[in-house]
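First to last, the sequence lines map onto chains W and F.
Each residue of the first sequence is one higher than the one before, counting from 69 in my numbering.
Each residue of the second sequence is one higher than the one before, counting from 65 in my numbering.
Ideal placement from N, C-alpha and C gives every residue a C-beta, glycine not left out.
As structure tokens, the structure follows; a few thoughts come after it.
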Amino acid sequence: MSQSVQVAGLYVRDQDEALAFYTEKLGFRVHTDVRNGDYRWLTVQHPDQPSFQLGLFTPGPPVHDAATAQSLQAIVAKGGMPPLILAVDDCRAAYERMRAKGVEFTQEPIERYGKVDAGFRDPSGNGWKLIQARKSN
Amino acid sequence: MSEGLASQDPRLLRRLLRAKDRMDAASHEDWPVQRLARVSHVSEAHFARSFKEAFGVPPHRYLLTRRIEQATALLRDTDLPISEIALRTGWQSLGTFGRIFRDITGQNPGAVRSRARAAAHGIGSVPNCILSAAERPDLRTAVSEKRKRQRHGINRAQPKEIKHEPKRTSSRTIRARPG
């Protein structure tokens, strides 16, 4: 018997915008995109990590009432959601590649204690760290 | 302040976040209100009020907390002289740096350096960016306000214990404090 995290999701302000961002700028691809009325279950997956799906969800009915949805949208837009980390082999190269595609970086690559990290946000306001682990040898 | 959560347009909040991010990325720089307003695409008149409604502190005070956070990290992680740390984190005078540092943290920079080093064990696995955010001083009271209170011996509470926002009577221009 084994367990693993299969889906973890983000709240985004607009699923089409988020899908374009995560696929075109970050290199994810669509895993599941199904609708039921206004509800849209949308997950993306990184080609290097086929066991995990990142959900791109919009706050709203039927899960949330209007006031709750509005509050969640506000929290996302204020950068109030938990930190996300994207592990990369080469932080500076990833930074250059992503910046050329128009990703909004909040921090340029900095080397500290052998690790290199940078920061960016998705269009909704979710904050990511781009982290290159210390070379193991 | 709580009604602000639902009343501010998320698109505006996203643009205000951009101004906050810019201060985070370069807290040692001067951030006059017109520069921040430009980043957020709002008028100067609206910027400070909108920022405070969104993030709970006026932009200038937010900037001070970031500078103290940076200074604390440099005190802990480097051997730079305190005067150099003051310069690097945006103050032009060592005196102002030391005073505001004490106002916010309740301690002298030198004492924070010794204590941080003594305690610097077992934190290697937390990403630094997150660690520094966790250590961010919770500046809820205007520095000048706090200084005044202490002069009158009214309140010796640590910053994190201050529960209410004192009423602001004057509108102050928001800019990076030159020191």
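- Think of a sphere of 7 Å around the beta carbon of Arg81(W): the chain F residues whose beta carbon falls inside it are Pro74, in chain order.
- Between the C-alpha atoms of Leu152(W) and Tyr90(W) there is a straight-line separation of about 13 Å.
- For Gln121(W), there are no neighbours in chain F by C-beta distance under 9 Å, as the nearest C-beta there is about 23 Å away.
- Against chain F, a Cβ distance below 9 Å from Gln117(W) picks out nothing, because the smallest value is about 19 Å.
- Between the beta-carbon of Lys146(W) and that of Leu77(F) there is about 5 Å, and that keeps the pair under the 8 Å contact cut.
- Burial check for Met69(W): the Cβ neighbour count within 10 Å stays below 16, so the residue is exposed.
- In chain order, Pro151, Leu152, Ile153, Leu154, Asp185, Ala186 and Gly187 place their CB closer than 8 Å to the CB of Lys197(W), counting only its own chain and leaving out the 5 sequence neighbours on each side.
- In this chain, His99(W) is not harboured by any alpha helix (DSSP H); it is covered by the beta strand (DSSP E) spanning Arg97 to Asn104.
- With a cutoff of 9 Å on beta-carbon distance, Val121(F) and Ser114(F) are scored as not near each other.
- Taking Ser147(F) as the centre and dropping the five residues before and after it, the same chain places the C-beta of Leu158 closer than 8 Å to its C-beta, in chain order.
- Take the alpha-carbon of Asp85(F) and the one of Thr174(W): they are about 6 Å apart.
- In chain F, no part has a C-beta under 7 Å from the C-beta of Lys93(W); the shortest such distance is about 17 Å.
- Annotation: Cβ neighbours of Gln141(W) in chain F (cutoff 8 Å, chain order): Pro74.
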